[in-house]
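First comes the structure, then the notes that go with it.
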Amino acid sequence: MAEIYQRDVNLEDYDPDLLIELYKTMVKIRSFDENLIRLMQEGKVSGFYHSGIGSEGLSAGSITKLLRDEDYIYYNHRGCNQKIAKGVPLSKIYGDFLGTIEGTTKGLGAGIVHSADPSRGVLGQAGTIGSQLSLAVGSAFASQMKGTDQVTIVYFGDGAASRETMHGSLNWAKLYNLPVIYICENNEYAISCHVSETHGVKAHIADWSEGYGIPNCVVDGNDVLLMHEVTKEAIERAKKGRGPTFIEAQTFRHRGHFEGDPYDYIDKAVLQDWKDNRDPIKNFKKQLINSGLTTEDHLINLGKQVEEEILQAIEIAENAPMPERNRIYEGLFA
Amino acid sequence: MAEIYQRDVNLEDYDPDLLIELYKTMVKIRSFDENLIRLMQEGKVSGFYHSGIGSEGLSAGSITKLLRDEDYIYYNHRGCNQKIAKGVPLSKIYGDFLGTIEGTTKGLGAGIVHSADPSRGVLGQAGTIGSQLSLAVGSAFASQMKGTDQVTIVYFGDGAASRETMHGSLNWAKLYNLPVIYICENNEYAISCHVSETHGVKAHIADWSEGYGIPNCVVDGNDVLLMHEVTKEAIERAKKGRGPTFIEAQTFRHRGHFEGDPYDYIDKAVLQDWKDNRDPIKNFKKQLINSGLTTEDHLINLGKQVEEEILQAIEIAENAPMPERNRIYEGLFA
Amino acid sequence: MRQITMREALNEALHEEMERDESTVLFGEDVAKFGGINKVTQGLYEKYGAPRVYDTPIAEATIVGAAVGMAITGHARPIPELQFGDFASIAFDEIFNKMGKWRFMHGGQMEMPITLRLPVGIAGGAGPEHSQSPQALFMHGPGLQIVVPSTPYDAKGLLKTSIRDNNAVLFFEHKLLYDMKGDVPEEEYLIPFGKADIKREGEDLTIIATALQVQTSLEAAEELSNQGVEAEVIDPRTLAPLDMETILNSVRKTGRVLIVHEESKTGGSGAEIAAQIQEEALFDLEAPIKRIGSPDVPIAQSIHLEQFYRPNAQQIINAVNEIIDVPV
Amino acid sequence: MRQITMREALNEALHEEMERDESTVLFGEDVAKFGGINKVTQGLYEKYGAPRVYDTPIAEATIVGAAVGMAITGHARPIPELQFGDFASIAFDEIFNKMGKWRFMHGGQMEMPITLRLPVGIAGGAGPEHSQSPQALFMHGPGLQIVVPSTPYDAKGLLKTSIRDNNAVLFFEHKLLYDMKGDVPEEEYLIPFGKADIKREGEDLTIIATALQVQTSLEAAEELSNQGVEAEVIDPRTLAPLDMETILNSVRKTGRVLIVHEESKTGGSGAEIAAQIQEEALFDLEAPIKRIGSPDVPIAQSIHLEQFYRPNAQQIINAVNEIIDVPV
Ligand SMILES: Cc1ncc(C[n+]2csc(CCOP(=O)(O)OP(=O)(O)O)c2C)c(N)n1
Ligand SMILES: Cc1ncc(C[n+]2csc(CCOP(=O)(O)OP(=O)(O)O)c2C)c(N)n1
Ligand SMILES: [Mg+2]
Ligand SMILES: [Mg+2]
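Residue numbers (UniProt numbering), protein chains in the order written: chain A, 1 to 334; chain B, 1 to 334; chain C, 1 to 328; chain D, 1 to 328.
Here it is as structure tokens:
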């Protein structure tokens, strides 16, 4: 059965720059998301948005200062958390939502699904969730064949984990000993279904990977430092040629599946508990201040800077033109 | 890790009728197969035959006197072992190879792949190996919904086990607690590839099922009584509403993947060892005679009866006419 | 007559048929408690509960494969849903080779009473993998019946027929039609497969359209009528079986044909229909058969761009004018 | 000129291109040590070894999905094989939506230099799920190039072009052609996509055929010539891009058209080709365009019955005679 990943993490053991960067990334992710929801409310962005609020720790923790531009990710459809942590310019992500040519897809309007930034290792996302599990082993295979030390991380939800592709992917990963890391963002729900209603598991989703002989664990995905540690170990394993790792990171959606989802199928008290006691940003902020490493004022200031950055990004994205109609005839073939 | 299934099986504990029936079924399977190969050599049957010689114990053990007509099976593409054990008339199976209207497909010539006999619970086979893993959970679901105590067994090779469908199937089976039994005929090879070249496993294929919380084990598939025991337990589990079981049964192909396969990719000594020391029929025959339950002469006689039955079946099948050309336009829709 | 939405019409059909036959079983992602993401299956879980109505894991190949396994036992009449019709691509082997061929290839010994519901079409910026209309692919797949309703009335009658049918049915629902209202009688009725419906009569040319494009074509036809051109609008309703008789009768009358569908043009259902028309009625044609489909490129996610994919009334009017302009 | 089989021609192309570009990587079931079940990949493993040539698990969706993941890194030029082209149905999402659309839908930022090899066709009683010719389905899929060679010469030149191309290619090989011998020069050559080849010139009618049916059509054309009918036989060689120019030039010359393919008739590539011909050259047609395809039912396993699926020379001759008999 999957190990519950636990480590004593003491803030003193970390480079303060890393800690601040982790915090800043989380704040940026959330602020991005809140502003996007605002844009939706203003009618500027269409309804297919899956907010990532509440799970910022998972993405910041597994990416910030761990992955290089040359490392690959396949992000999931919940928020833009991983794209932001991987450094895709905010104006470009907003551009993809607003459908202006500032977007990474130069006006196709990727929305949440199809942004990409190969220069930063962001290889895109499959609209059919779970399909990218097979792509991920391919990318990892290519790195291994080329003899680089690149790592591939594939993100996917608890729901996506039940796609048939999971099996083919895990088998390849172990068989060819690939530098790939599976991060399952388990927020307990796939749209309206609780994981217990749709998953036949011994105890955890991570258990599915055990039979392949893939090192695996369950981790508190809302503890950004724990996420950092667990991913760091996995990256080292991959770089040392010791193959894949499966990480099930526990978290919870603060909002419904999509904007507009009544979100009435969950236990309100449970949600409130996650918001009050397991918010990754709130908790990490407390830790940072308590450790004496920084002050509330400093963090508030930092938040303001981030907000500023976001607003500028939106401005750039909004000011860029919409594409011409014939944009759709561009880029089908290389 | 999967349990290695071991039981002390003493012939004295069994009904002699069962023992003889097990033996007879195995002999029938082998004789069927040998005669089919002869028909191929005579140019009467086309080249897509995958001989099941060497694995008779697995099918006889898991079906004979255990499954009723109303229990379902999805057989695999290796030999006609499971069809014969389930009681599909031999003339009809031969008819499917010879392409005469005696066949279960009334002249379509199912060959090894698409015979069916719903009256005996033989629901057919998918030409795309592994696809029937999903069908099996559907059939088991239908029985459960109807409230019957029917059991579904799905047979598949080690190679087929790597199809993506495995994951979706195991998840349904456990989630809905379905009366389905997975029997993986692990003969170590999928065409030319050894299982170690294509499977990322902890130790055994059965380990893949462990993460779902599905009871599983590895068993000597060439020990017919052990197969009988392990399947009996699984059937009881299913009938008691305690859900699926995954059985990995170890065996080995005496012949190549298909008739005509040079079969030069294996270690000849290994094959010889399986033939000499792990032949299910030879070993069981020895056990039967040693136990004093029967005599060599009796078994030889029995073999002759079986051969007689086979030859009659071939005659019926061969004497039946080929279908008219317009057979192909019949039966697309109900 | 009573007016209800296509969503309500479909929901009624499901309620009635599940009531009528207790071997029906409805499943898919979020179809139970949540009532389906398009709310078509609302109230069924409350009425019939599990196992008759249940939510499945996200595993489309398994959903369809399991439906086949249920159907061939003879004990169940499955009504699975794929959340987006695009996901037929994930269950393609299960649909194309198993639903379509299992019965035939096993000698016709089992039945395949499955109705697979597939919401399709460009709607609200859902992007390249949630907006497609894959129905044409299945015309190339023996053993599959393809239903594509364009009105609440047709949707209800065809869905009831589909569920009762003992053969495989792919039931395509255009998402933009769910909110469309139309006449639906209180009394029970069924609509047979293979019977096209002439949605509008006309003498000057024949428009053959499916799904949402029937509505767009009718809109265009009104405008054309103002210009003095009377278009006959035919909705095949089922692409397999395909009612060529009704189509050919119309073509022989008008001599001019436009086919409109939202599927991308190349390889769309219009190709087969055009090929058959010219084969049967070449010398009745006074102008080349034109086809309108969405462009042969993946559908952009942007709402701004997606409008350029879905054929619109003006495009239809322009095409009709070109066809009419061909001198006799 | 040197005569070699199509199998040898394909094998040579693979050897040459793998030698030429070390980012090529070839994989699939039994393609390495065993040399492929059709022996097309023989000798490559011995020469290049793993990881450039390797055997995969039986998991077709993963094979194609992984190829996409390799390709978009820009570091690899994958040449996967599916053991039977029918299994495209298992990897359908990966082919249709990922290989075909990943580049476009992510803004054109990556390339997709994949050549997916797919052995197809009715041969030796392989049955309903190992005999299909699914190429027409992919004409409806933007972003996919479809190559269907009919001779050793074309096979080699087109495979080399496919491998060098930076876009997705589906390369269909008819199993009955593997043993066919034909002229193949020693010197290197490439054959461009979108360029049909006129395999035989003629004035009386145009036969458009692909894969094995090119050979069958040529056979029929010889017989027809004895009867005084000169057929022009055109092999499009690639169904996407499709060389309509060559086809239309011929049609304008002959006025009569027969399309022959082994795919089942309804929804086959002939539908699209016929639809385009009538759209562009209706008034040049002196007879309806006829199509011959295999029957719209699953392919029987029986060798006795399977011969009735594959179009044969006599069928072609009969169809031509009907077409020729239509009075001007
Ligand atoms: C193959 C496929 N099936 C269904 C969907 C529709 N869909 C989009 S998100 C989603 C739920 C995913 O749940 P999970 O993976 O847990 O991610 P979460 O939304 O909870 O972050 C579903 C069913 C899809 N996009 N692709
Ligand atoms: C989906 C699919 N892929 C590939 C094949 C071709 N094929 C038929 S049998 C076989 C090997 C199967 O190996 P295994 O499952 O171990 O069974 P065995 O032949 O060893 O009994 C392969 C690759 C197929 N029929 N279906
Ligand atoms: Mg989730
Ligand atoms: Mg095997």
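Every residue gets a Cβ at the ideal spot worked out from N, C-alpha and C, and that includes glycine.
{"Item": "When you compare only the Cα positions, how much space is there between B/L170 and A/C193?", "Value": "19 Å"}
{"Item": "Could you tell me whether the region 88-107 of chain A touches the region 307-317 of chain A, using the rule of 3 or more Cβ pairs below 8 Å?", "Value": "yes"}
{"Item": "If D/L159 sits next to D/A287, beta carbons under 8 Å apart, how far is it from one beta carbon to the other, in whole angstroms?", "Value": "Wrong, their Cβ atoms sit about 37 Å apart, outside the cutoff."}
{"Item": "Please indicate yes or no: does the CB of C/R256 lie closer than 7 Å to some heavy atom of ligand 1?", "Value": "no"}
{"Item": "Which residues of the region 12-28 of chain D have a Cβ closer than 7 Å to any Cβ of chain A? Give them in chain order.", "Value": "V25"}
{"Item": "Mind checking if C/S225 is an interface residue toward chain A, Cβ cutoff 8 Å exclusive?", "Value": "no"}
{"Item": "Compare the C-beta of A/S162 against all C-beta atoms of chain B and say whether one is closer than 8 Å.", "Value": "yes"}
{"Item": "Which chain D residues sit within Cβ distance under 9 Å of B/A85?", "Value": "Simply none; closest approach about 22 Å."}
{"Item": "Can you pull the chain B neighbours of A/V201, defined as C-beta to C-beta under 8 Å?", "Value": "K174, G211, Y212 and G213"}
{"Item": "Shorter than 7 Å, the distance from the beta carbon of residue 377 of chain A to the closest heavy atom of ligand 3, or not?", "Value": "The structure shown does not extend to residue 377 of chain A, since chain A is modelled only from 1 to 334, so the question has no answer here."}
{"Item": "Express the C-alpha separation of D/P295 and D/H304 in angstroms, rounding to a whole number.", "Value": "15 Å"}
{"Item": "Find out if the Cβ-Cβ distance for the pair B/Y74, B/A173 is shorter than 8 Å.", "Value": "no"}
{"Item": "Would you call the region 61-75 of chain B and the region 141-155 of chain B in contact, with 3 or more CB pairs under 8 Å?", "Value": "yes"}
{"Item": "Quick one: what's got a C-beta closer than 6 Å to B/T104's C-beta in the same chain, skipping five residues either side?", "Value": "K92, D96, S115, A116 and D117"}
{"Item": "Using a C-beta to C-beta distance shorter than 8 Å, which residues of chain D count as neighbours of A/N171?", "Value": "P57, A59 and T62"}
{"Item": "Quick one: measure Cβ to Cβ for residue 342 of chain A and A/L58, integer angstroms, because I've assumed they're closer than 8 Å.", "Value": "Because chain A here runs from 1 to 334, residue 342 of chain A falls outside it and cannot be looked at."}
{"Item": "Using beta-carbon positions only, say whether D/L116 and D/V64 come within less than 8 Å of one another.", "Value": "yes"}
{"Item": "At a cut-off of 7 Å, is A/E254 close to ligand 1 when judged by its beta-carbon and the heavy atoms of the ligand?", "Value": "It is His, not Glu, that sits at residue 254 of chain A in the sequence shown. Not so, every heavy atom of ligand 1 lies at least 7 Å from the Cβ."}
{"Item": "Return the chain-ordered ranges of every beta strand (DSSP E) run that is complete within the region 24-80 of chain D and spans a minimum of 3 residues.", "Value": "24-28, 53-55 and 77-80"}
{"Item": "How about the region 104-121 of chain C and the region 159-174 of chain C: do they share at least three Cβ pairs that are nearer than 8 Å?", "Value": "yes"}
{"Item": "Once the 5 residues before and after B/K282 are set aside, which same chain residues still bring their CB inside 6 Å of it?", "Value": "none"}
{"Item": "Give the straight-line distance between the Cα atoms of B/A203 and D/F104, rounded to the nearest whole angstrom.", "Value": "42 Å"}
{"Item": "Just to check, is the beta-carbon of A/G159 closer than 7 Å to a non-hydrogen atom of ligand 3?", "Value": "yes"}
{"Item": "Taking all protein chains shown into account, do 16 or more other C-beta atoms lie within 10 angstroms of the C-beta of D/R237, making it buried, or fewer, making it exposed?", "Value": "buried"}
{"Item": "What is the DSSP secondary structure of C/N249, reduced to helix, strand or coil?", "Value": "helix"}
{"Item": "Jot down the residue ranges of each uninterrupted beta strand (DSSP E) in the region 180-209 of chain B, minimum 3 residues, whole runs only, in chain order.", "Value": "180-186"}
{"Item": "Quick check: the Cα distance between B/Q6 and B/K286, rounded to an integer number of angstroms?", "Value": "20 Å"}
{"Item": "Closer than 7 Å to a non-hydrogen atom of ligand 2 - does that hold for the CB of D/I90?", "Value": "yes"}
{"Item": "By alpha-carbon positions, which one of D/L282, D/D243, D/V320 and D/D284 ends up nearest to D/L218?", "Value": "D/V320"}
{"Item": "For ligand 3, is there a heavy atom less than 7 Å away from the beta-carbon of B/N171?", "Value": "no"}
{"Item": "Taking the alpha-carbon positions, what's the A/K86 to A/R278 distance?", "Value": "24 Å"}
{"Item": "Between the alpha carbons of C/T56 and D/F283, how many angstroms are there, rounded?", "Value": "55 Å"}
{"Item": "Can you check the region 296-327 of chain B for any alpha helix (DSSP H) of at least 4 residues that lies completely inside it and give the ranges in chain order?", "Value": "296-319"}
{"Item": "Would you decide whether B/Q41 is buried or exposed? Buried here means 16 or more other CB atoms lie within 10 Å of its CB.", "Value": "exposed"}
{"Item": "What residues from chain A crowd round C/F308, counting only those whose CB sits closer than 8 Å?", "Value": "R325 and I328"}
{"Item": "Does the Cβ of A/N187 lie closer than 7 Å to at least one heavy atom of ligand 3?", "Value": "yes"}
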